[in-house]
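Engineer: Protein chains in written order, with our numbering: chain A, 3 to 496; chain B, 223 to 623; chain C, 8 to 120. Note that CB positions come from ideal geometry on N, CA and C, so glycine has one too. Keep in mind the model is a prediction, meaning the values are calculated, not measured. Would you mind keeping the following structure in view while I ask a few things?
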C-alpha cells in the first residue's frame, strides 16, 4: 500500500495519507495512449515511447474500464510510466509530448550512412551472397571516378553532422584505386564542410596489402570483415576456390590489428543453415580471434540466398533456437568474468531502454531506407538501401531512386517515390503495427516486406521480421524482469 | 569540524550601534589607509609599538590576547576562529558580539545562505525554515560576492528556498555573473517557482555563464514526493519548473536524499529520470545528515544504509546504462556495492566531516568522505562500517629465523 | 456466444465454424483477429442479415483432434476479446493522443536541442 501510516513522524509533520487524500478514493483517472499484447499468462503493455509493464489480464481490464485501485502498486507503476494520468496533471502530458519528440528526433539528422559499391567483382562464391558475382576480369563492374565524385557531391548535401562512408562490393578491394580516390576527395571537401567523417571498408581481407594498410592508418579507415565461425563452417559458407578462406581471414585480422590497432577491425557473421548447429563453436571462434562481441543475424531474403534456396531452409524458429543457445553460452562467458556482447541484443536493449533514438537503420519508422542510409552503386544507380540494390540485382527496381549521373538530388529524393513508400509504411499507420505493443521497438522494413510479400507494407502475420522483433523482445524482457544476475550483464550492453 | 560562527569573541573599542560589517580578511599590516579600511587585518597578536597605519583597518582580528586598548575596532578571536586568514570573508556584528566566517579561501565548498524562509518543509531538512524577514541577507550576499577572490572555482547559494527572494535572488545571481563569471555557481532550490515560465525566463536573462541549479526529486510518484517535502502539488511544480528551466537553457542537477521514505522506489525513480529527465547534468544520491528535522523524524527516516545497498546499486546501474551521469555523495565506501562505490564522491564539506575510531586502519580513508560531524551523525551510524585492509601477510618461519 | 459446428469434409481439410455475437465483440475487432490468424489458417467471415451475428469459418487440417479444435477456438476467442479491448482503449485515448502528437511535433516551444 502506498500510503500506509508512518511511525516516527514528529507532530507538526503530515502523514502520507494527507497527500493522497487530495485525490479521493474513487477519483477518475484518464488513459494515455498505450498498446498491449498477450505474453504467456500476462500482458505486455507499452506506451508510445516504449515504456513497458507486465500486468495481469485482470489489472488490464480494470485499467481500461477505469476501475483500477489508486492505492495499488500497479496504479503507481502505470502513473509513473504515463499510461494513466490524473486530471490536473499537466506535467504528465508535457513530459509525454517531450518524450515522443525526443524518440523521433532521428530523422531530423537525415542521411548519415552512405554505402559506395565500388565493384561488383568478387573472388569468392558464397552460396548465400546477396551480391551478384562477376568474374575477376570484367572491368565494367567497377565504379569510376566520375561516379565517385558525383556520389560524394550527394553525400555532402546531407544536413547530418556525422557522415559515414562505407565501401562495399563484391569485394571492394578489387577496386582499391577508387577507394583511395574517394577518401582523398572526401577529405578535401571536408576541409570546408568540417563534418565528422568516418570511413569503413567491408572486405574479405584476401587482398589486404601493406600499402593498403598504410593508407588506412593515415586516413583513419576502419575495416569490417566476415567471420562465420570455425574453419569448417566459415569455408562451407564462403567457398574460396583453391584457398583456405578461414585461415586467411584469421591471419589477416591480426595483420590489420598490428597495423591499425585492435579496435579498427570488426567482424560480422551470417547465419547459414550450417551455422545453426554450431552456436558455441562460432562464439568460441570469435573469442579466439579476440573479438569483444558478435552480431547474430538471421539470413535475409535477398540475392543468392533466395536463388540457392537457403532462405527456405530455415525459418525464424530455428534461428531463435540458435540465438538462445548462443545467448546461453554468452551469458556463461560473461559470468566467468569476460565481457562479451551480442550486438543485436544490445541494439534491441538500447531501443527498449534508452529515451533517445538509436539510429539503427533497420529498426526505424519512418523506415531508414533512403533517409538514414543510401547506396551508390558502381554504375551510378542510387538505391534506398543495400537490400534495395540486391533486389535490383534480382531484377526488381522498385527501390531504385535514380541515377547519380543523370538525376539531381531533388529528383532522387522527391520524385523517386521514396517518400510515398516511407509514408505508406509508417508503423503508426498500417494494419497490425499501429496497435502493436512492440511498435516502439520495431521498424517498417518496406524492402524486406516487398521482397518477401511483394508489398512494402506486408501482412505482418506472415512476416519473419515481425516475429523476430516480438520474439527477441520477449526473450530480453523476460531476463530483465526475472533474472537479476543476468539483468546486470545486459545492462552493461546498453 | 570547523566552526564558522562564534559569539564569544571579545569586541574591544567599537562605537555603539555599529551596523554589521562584511569585510575580506588580510594578513598584510602595510596596506595603504584608503585600502586598509576595506579590510579586516588578522594577526597573532597586536604589536606593542605600531604606527597609525593599523588604525585605518576596518577591523583588527587578534588571535592572541589584546593587551593595550589603544586601537579601535579590535576583536579578540575565540580560539575556534583562529584559522581565519587572508582572502577569507567575515561578518562582524558588534551589537550581537558575533563573528561569522562567510567565505573560506581554503575550502572547496563555500556556500552563501541567502534566506531561511522556505515553501517546503522536508522531513529531513538540515536547515529548518524560519518565517522571518531576513532580507538583509540579500545585501550581505552581494557584498560577499564582490569580495570573493576571482580565481575561486565554485560557490554555492543555499537557503531555505533562495527563489523566494524574487528579484533579490536575481540580484544575487547577477552579482555573481558580473563579478565572478568564471566561478561555477551552484544554486540549491526546489525549482517550484520556475513552474511560472516568467521566472525561468528572468533567470535566463541574467545570463550567468556558469550556473547549475541543484533540485531535489524524491520519488516517481507525485504523492510520495509531496509527502517527503510536506507540500501538496510540489512534485508537479518541480517537474514543470525543471521543464521551463530546460526551455530557457539552464542546467539542472537532480539530488536525491536516501532514507526510509525514499529508498524502496529508488530504482523506479532512476527509471523515471532516464525516461523523462535524461537531459539533466547529473543525478546525485545523498546520504542523510542527522541534524535539523532529521532528529525530530528520526524514527520515520533512519535506515542503515547497508539495508538499501541493492536499491542504490540498481538505481545507479539504470542511470549509468542510459549515460546519465551519476554520483553518490555522503556514503561511506564500505556500505556501498562495488558498482556504486565507483560512483562515490568524497564530498562532505571539509568543515563538517569526520571518521569513526574503527576507521583508523582503513586504507581507503582518503577516498571516503567519512561521516557528517553535524548533529548526531557520528553517534548513529551503520552497523556495517568496516575498514578496508589488505589481508595480513603471514610471515613464514624461515624469514623470522 | 459461440457454437461449434464441424461440417463438410473436403479433401484433407475440414472446416471449423464459430459464431460471434457482435454485441460483445465488434466487427472491427473481429476482422483484426481474423487477420492475425491468417498466417496459419484460411478463413472466411460473414455477417448475418440482422447484423447481430458474424460467422467465422476456419479451414483446418483433417487431422485436427477435438483438443486441437478447442485450443484454436480458445485462442481465437481470447484474441478477439483482446482486440475488442484495444478498440476501447483506442477510442478512449484518441483525443489525448492527438493533443500529445500536436504538442510533440507542432509545438516549437517545447524544448529545443
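Where do the ends of the beta strand (DSSP E) carrying residue 198(A) lie?
Structural biologist: Its beta strand (DSSP E) spans residues 198-204.
Engineer: Please tell me whether residue 69(C) and residue 19(C) are closer than 8 Å, where the distance is taken between their beta carbons.
Structural biologist: Result yes, Cβ atoms of residue 69(C) and residue 19(C) sit closer than 8 Å.
Engineer: Using a Cβ cut-off of 8 Å (strictly closer), state whether residue 30(A) contacts chain C.
Structural biologist: Output row for residue 30(A): interface = no.
Engineer: Whose C-alpha, out of 116(A), 158(A), 188(A) and 164(A), is nearest the C-alpha of residue 147(A)?
Structural biologist: It is 188(A) whose Cα lies nearest to the Cα of residue 147(A).
Engineer: I need the straight-line Cα distance from residue 245(B) to residue 369(B), nearest angstrom please.
Structural biologist: Rounded to the nearest angstrom, the two C-alpha atoms are 8 Å apart.
Engineer: Report the residues of the region 135-165 of chain A with a CB closer than 8 Å to any CB of chain C, ordered along the chain.
Structural biologist: Within the region 135-165 of chain A, no residue qualifies.
Engineer: So what does DSSP say about residue 508(B), is it helix, strand or coil?
Structural biologist: If DSSP states are grouped into helix, strand and coil, residue 508(B) belongs with the strands.
Engineer: Examine chain B for any beta-carbon lying closer than 8 Å to the beta-carbon of residue 418(A), and answer yes or no.
Structural biologist: Chain B, which has no Cβ nearer than 8 Å to the Cβ of residue 418(A), makes this no.
Engineer: Chain A partners of residue 87(C), CB-CB under 8 Å?
Structural biologist: Under the 8 Å cutoff, chain A gives no residues; its nearest Cβ is about 12 Å from residue 87(C).
Engineer: Would you mind reading off the limits of the beta strand (DSSP E) that contains residue 248(B)?
Structural biologist: Start and end: 243-248.
Engineer: Output the distance between the C-alpha atoms of residue 250(A) and residue 105(C), rounded to the nearest integer angstrom.
Structural biologist: So the two alpha carbons sit approximately 58 Å from each other.
Engineer: For residue 10(C), is the classification buried or exposed, using 16 other Cβ atoms within 10 angstroms of its Cβ as the cut-off for buried?
Structural biologist: Only weak support exists for where residue 10(C) lies, its pLDDT of 28 falling under 50; the coordinates are left without a value.
Engineer: Measure from the alpha carbon of residue 144(A) to the alpha carbon of each residue in 380(A), 200(A) and 67(A), then state which is nearest.
Structural biologist: Measuring from the Cα of residue 144(A), the nearest candidate turns out to be 380(A).
Engineer: Alpha carbon to alpha carbon, how far is residue 493(B) from residue 98(C)?
Structural biologist: So the alpha carbons of these two residues sit roughly 29 Å apart.
Engineer: Provide the residue(s) that pair with residue 437(A) in DSSP beta bridges, ordered along the chain.
Structural biologist: DSSP output for residue 437(A) lists no bridge partner at all.
Engineer: Just the C-alpha distance for residue 52(C) and residue 334(A), rounded to the nearest angstrom, thanks.
Structural biologist: When rounded, the distance between both Cα atoms is 50 Å.
Engineer: Tell me, to the nearest whole angstrom, how far the beta carbon of residue 402(A) is from that of residue 383(A); I am working on the premise that it is less than 8 Å.
Structural biologist: That pair is a contact at about 6 Å.
Engineer: Verify the CB distance criterion: does residue 100(C) have a CB-CB separation below 8 Å to chain A?
Structural biologist: Chain A contact via Cβ: present.
Engineer: Output the distance between the C-alpha atoms of residue 106(A) and residue 357(A), rounded to the nearest integer angstrom.
Structural biologist: Taking the straight line from one Cα to the other gives about 10 Å.
Engineer: Does the beta-carbon of residue 310(B) have 16 or more other beta-carbons within 10 angstroms, so that it is buried, or is it exposed?
Structural biologist: With 16 or more other Cβ atoms within 10 Å, it is buried.
Engineer: What does a CB cutoff of less than 8 Å around residue 197(A) pick up in its chain, not counting 5 residues either side in sequence?
Structural biologist: Answer for residue 197(A): 158, 162, 163, 164 and 165, listed in chain order.
Engineer: Which residues bound the beta strand (DSSP E) around residue 44(A)?
Structural biologist: Here the beta strand (DSSP E) through residue 44(A) covers 44-49.
Engineer: From residue 57(A) to residue 86(C), what does the alpha carbon distance come to, in whole angstroms?
Structural biologist: Near 17 Å, if we compare the C-alpha coordinates of residue 86(C) and residue 57(A).
Engineer: Give me the Cβ distance between residue 91(A) and residue 160(A), rounded to the nearest whole Å; I'm assuming they're in contact under 8 Å.
Structural biologist: With a Cβ gap of about 40 Å, residue 91(A) and residue 160(A) do not count as contacting.
Engineer: Which residues in the same chain as residue 390(B) place their Cβ atom closer than 6 Å to its Cβ, once the five residues preceding and following it in sequence are excluded?
Structural biologist: Correct list, in chain order: 360.
Engineer: Only counting the same chain, and skipping five residues up and downstream in sequence, which positions put a Cβ closer than 6 Å to that of residue 494(A)?
Structural biologist: Result list for residue 494(A): empty, nothing under 6 Å.
Engineer: Given this structure, state the Cα-to-Cα distance separating residue 240(B) from residue 319(B), to the nearest angstrom.
Structural biologist: Straight-line Cα distance between these residues: approximately 11 Å.
Engineer: By how many angstroms is the C-alpha of residue 478(B) removed from the C-alpha of residue 566(B)?
Structural biologist: Cα to Cα, the separation comes out at about 14 Å.
Engineer: Would you call the region 78-90 of chain A and the region 34-43 of chain A in contact, with 3 or more CB pairs under 8 Å?
Structural biologist: Contact holds: three or more Cβ-Cβ distances are below 8 Å.
Engineer: If you reduce the DSSP assignment to three classes, tell me which class residue 665(B) lands in.
Structural biologist: This structure does not reach residue 665(B), given that chain B is present from 223 up to 623, and the question cannot be answered.
Engineer: Considering only the alpha carbon of each residue, which of 263(A), 388(A) and 348(A) lies closest to residue 172(A)?
Structural biologist: The residue with the shortest Cα to Cα distance from residue 172(A) is 388(A).
Engineer: Whose CA, out of 322(B), 307(B) and 305(B), lies closest to the CA of residue 313(B)?
Structural biologist: Closest option to residue 313(B), Cα to Cα, is 322(B).
Engineer: Is residue 255(B) helix, strand or coil when you go by DSSP?
Structural biologist: Residue state, collapsed to three classes: helix.
Engineer: Does the region 225-238 of chain B come into contact with the region 283-298 of chain B, if we say contact requires no fewer than three beta-carbon pairs (one atom in each stretch) closer than 8 Å?
Structural biologist: Segments in contact, yes.
Engineer: Along chain A, in chain order, which residues have C-beta atoms closer than 8 Å to that of residue 588(B)?
Structural biologist: Ordered by position in chain A, no residue passes the 8 Å Cβ test against residue 588(B), which lies about 29 Å from the chain.
Engineer: Could you check if residue 560(B) is buried or exposed, using at least 16 other CB atoms within 10 Å of its CB as the buried criterion?
Structural biologist: When all chains shown are included, residue 560(B) counts as exposed.
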